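K.L.:
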Amino acid sequence: MKIAKFLGASALLAATSTAFAGTLNVSSAEDWGSGHSSYPASNTIDGSTDWSSRWAASGSPVHLQLNLNSIQRVTQVGVAWGRGDERSYEFEIWTRAATSGSWTKVYDDVSSGSTEGIEVYDIIDIDAQQVRVKTFSNTAGTSWTDILEVELYDENGTGELAINTAFDDGSGHGSYPATNVIDDNTAWASRWAGNGSPVNLTVELNETNPVSQVGVAWGQGDSRSHTFEIYARPGTSGSWTKVFDDVSSGTTNDIEVYDVTDIEAQQIRIKTFDNTAGSSWTNITEVKVYGDGTTPIPKDPDLDPNKAPSENFDLSRWYLSVPTDEDNSGTADSIKEDELNAGYESNEYFYTAADGGMVFKCPVDGYKTSTNTSYTRTELREMLRAGDTSIDTQGVNGNNWVFSSAPSSAQNSAGGVDGKLKATLAVNYVTTTGNSSQVGRVIVGQIHAANDEPIRLYYRKLPNNSKGSIYFAHEPGNGNSEQWYEMIGSRSDSASNPSDGISLNEKFSYEIDVTGNTLTVKIMRDGKPTVTETVDMSNSGYDDSDDWMYFKAGVYNQNNSGNSNDYVQATFYALENTHN
């Protein structure tokens, strides 16, 4: 799913030396010879969004190239389109990890057509030294592409956090309410005005988040300085903590961004005392709050402990394997889409927890999905056919998906192209008996291909450790050896307790994303940096015409040597699978 975030044009021109969290330093910009000599590519990195300071190029396509001094992780690209509030542009974003060689497409879309401010696009997380914006056409029908400014961001992104509301301490003017500071408008007519010394303006986030920067656009800020303090608190009541105090620059009406003491906060208060104009009025036109580069895990949706899993979660495109043999087939039971979504539960292996979560439990001893399978599982298997049994479960067809790097014939036949699996869960229990090479490990997410697995995502906690590790295997489909990637802690059979590990019953989120031949895996926890790993699958053999993919989620017990009643268990609180 493509995501764009929007920043008002004024947000580009912070008067302080502080840049937005995660902004990378672009050393130069160039085009591929199609640019207008009066409007060169270098205009896109000069910090100005004026129309006179644009890049202009004629043709379809045209290419704007941004150069970094070194290879860096790039996760987002921000573009301010010329006359972007009245026309949309069709474009692609490409990157490469050096100054020569092949390019990788990491994004394609159409701009919103609703803003001249920066639109921030979440691209495939990738290591790059050069980034190229390739533009084809626009809705105005002109052959010219105009871009005012481009920014590149690392894993912190812009860090802008959603503000739910704003209010003052009663000192405000009725015609200029506090909510004016969160309307993305820095016009003087859309300001908050408060009278007195001090006056307090408070903005409230949707939820508690790690906060590291606060941006303020002061009214008449180009002609007066304001003495102020910034306070924060983690909820909507309780004591405040001062995280910043200073005097504004007095040189700009645009947003100034201040590095505050890093803190978990839901409410941010700007306390203003006086200004150099000697006026008793404080005027603020806009406030922004930025995160510290950590990503809070998604909050639990409304989960009802009295409902079956399929009533709390969208399981319409999944079936379930459980380690029972009710049909006397000698293999594990498959609960197909229709039965699963009719309220299926197993009191022993698949049920709704007291907090509404979806529980997967699987013992060492149980029926397996086939005679060739080594381990038991209680696991969902993606079924894009959603109960349409006229579509086979296997093959390049409407039930499975393919890479966008596969031939177009396969993409046209498949039920989806590329894919993203997002989940929030807590591992509740892992095996404590059995061989040292197997104890304590469980697979909680997978991509399965026709014969192999582009990814198996493991959680493992050893009996003597209080915290577990996260790692994954990439199994090339061309017969080459598996590749292992350690994300948190170690996968070693004798690993020490990982200091940054994940405890049992601790919630975390994972995201598995495939775009073309790029696999990106993220692990997210409240208050901790997102851990990201990217794999280039160009030589893994999954992009041919007859290979097909499906996601799996749940618990796949990776221990067949422990006591028969030993088990693994995880509770899922969110699960989402999407495709192009």
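All the letters of the sequence shown, read from the start, carry residue numbers -21 to -1, 1 to 559 under mature numbering (1 follows the signal peptide of the UniProt record, and there is no 0). Ideal Cβ positions, reconstructed from N, Cα and C, are used throughout, including at glycine. In this text, all values refer to a predicted model and were calculated from it rather than measured experimentally.
Less than 7 Å separating the beta-carbons of Asp472 and Glu454?
P.N.:
Not in contact: Asp472 and Glu454 (Cβ atoms no closer than 7 Å).
K.L.:
For Trp197, which three-state DSSP category applies?
P.N.:
Strand at Trp197.
K.L.:
Give the list of continuous alpha helix (DSSP H) stretches no shorter than 4 residues that lie fully inside the segment 443 to 506.
P.N.:
Taking only runs of at least 4 residues, no alpha helix (DSSP H) segment lies wholly in the segment 443 to 506.
K.L.:
Can you name, in chain order, every residue of its own chain whose Cβ lies under 7 Å from the Cβ of Tyr210, other than the five neighbours on each side?
P.N.:
Answer for Tyr210: Trp219, Thr220, Lys221, Val222, Arg248 and Lys250, listed in chain order.
K.L.:
Mind checking whether Met503 and Ser482 have CB atoms under 7 Å apart?
P.N.:
No, they are not a contact pair.
K.L.:
Could you give the C-beta distance for Thr513 and Asp104, rounded to a whole number, given that I count them as a contact under 8 Å?
P.N.:
That pair is a contact at about 6 Å.
K.L.:
Using a Cβ-Cβ cut-off of 6 Å (strictly less than) and excluding sequence neighbours within five positions of Asp492, which residues of its own chain qualify?
P.N.:
Closer than 6 Å at Cβ, skipping near neighbours: Lys399 and Thr499.
K.L.:
Determine the direct distance from the alpha carbon of Asp25 to that of Ser91, and round the result to whole angstroms.
P.N.:
Roughly 23 Å between the two C-alpha positions.
K.L.:
If Leu45 and Val5 are in contact, beta carbons under 8 Å, what's the gap, nearest whole angstrom?
P.N.:
Contact holds; Cβ gap of about 5 Å.
K.L.:
Within the continuous beta strand (DSSP E) that includes Asn117, where are the two ends?
P.N.:
Its beta strand (DSSP E) spans residues Ile97 to Asn117.
K.L.:
Go to Ser313, then tell me how far its alpha helix (DSSP H) extends in each direction, as first and last residue.
P.N.:
Element bounds for Ser313: not the alpha helix (DSSP H) but the beta strand (DSSP E), Asp312 to Ile314.
K.L.:
Output the residue ranges of the beta strand (DSSP E) runs that lie fully inside the segment 191 to 251 and measure 3 residues or longer, sorted by chain position.
P.N.:
If we require 3 residues or more, the beta strand (DSSP E) runs fully inside the segment 191 to 251 come out as 205 to 212 and 220 to 226.
K.L.:
Give the C-beta separation of Thr187 and Gly217 to the nearest angstrom, bearing in mind that I take them to be a contact with Cβ-Cβ under 8 Å.
P.N.:
Contact flag wrong, Cβ pair sits at about 12 Å.
K.L.:
What are the start and end residues of the beta strand (DSSP E) that includes Ala145?
P.N.:
Its beta strand (DSSP E) spans residues Ile142 to Asp147.
K.L.:
With hydrogens ignored, establish whether the beta-carbon of Glu130 is closer than 6 Å to any heavy atom of the ligand MN.
P.N.:
You won't find the ligand MN in this model; it holds no ligand whatsoever.
K.L.:
Could you tell me whether the Cβ atoms of Ile97 and Val56 are closer together than 7 Å?
P.N.:
Contact: no.
K.L.:
Once you ignore the five residues that flank Ser524 on each side, which residues in its own chain have a CB closer than 7 Å to its CB?
P.N.:
So the qualifying residues of the chain are Ala385, Pro386, Ser388 and Ala389.
K.L.:
Measuring straight from C-alpha to C-alpha, what distance separates Arg296 and Ile314?
P.N.:
Those two C-alpha atoms are separated by around 12 Å.
K.L.:
For my contact list, Arg360 and Gly377 are in at a C-beta cut-off of 8 Å; report their separation, rounded to the angstrom.
P.N.:
Actually they do not touch by this definition, with Cβ atoms about 15 Å apart.
K.L.:
Mapping DSSP to helix, strand and coil, what is Val343?
P.N.:
DSSP places Val343 in coil when its eight states are reduced to three.
K.L.:
Assuming Phe382 and Tyr529 form a contact by the criterion Cβ under 8 Å, report the distance between their Cβ atoms to the nearest whole angstrom.
P.N.:
With a Cβ gap of about 13 Å, Phe382 and Tyr529 do not count as contacting.
K.L.:
In its own chain, which residues sit with a C-beta less than 7 Å from the C-beta of residue 646, not counting the 5 before and 5 after it?
P.N.:
Absent from the structure is residue 646, since the part of the chain shown begins at -21 and ends at 559.
K.L.:
What is the DSSP secondary structure of Ile426, reduced to helix, strand or coil?
P.N.:
Three-state result, Ile426: strand.
K.L.:
Rounding to the nearest angstrom, what Cα-Cα distance links Tyr464 and Leu441 in this structure?
P.N.:
Taking the straight line joining both Cα atoms gives about 18 Å.
K.L.:
Please state whether DSSP places Ala402 in a helix, a strand or coil.
P.N.:
Strand at Ala402.
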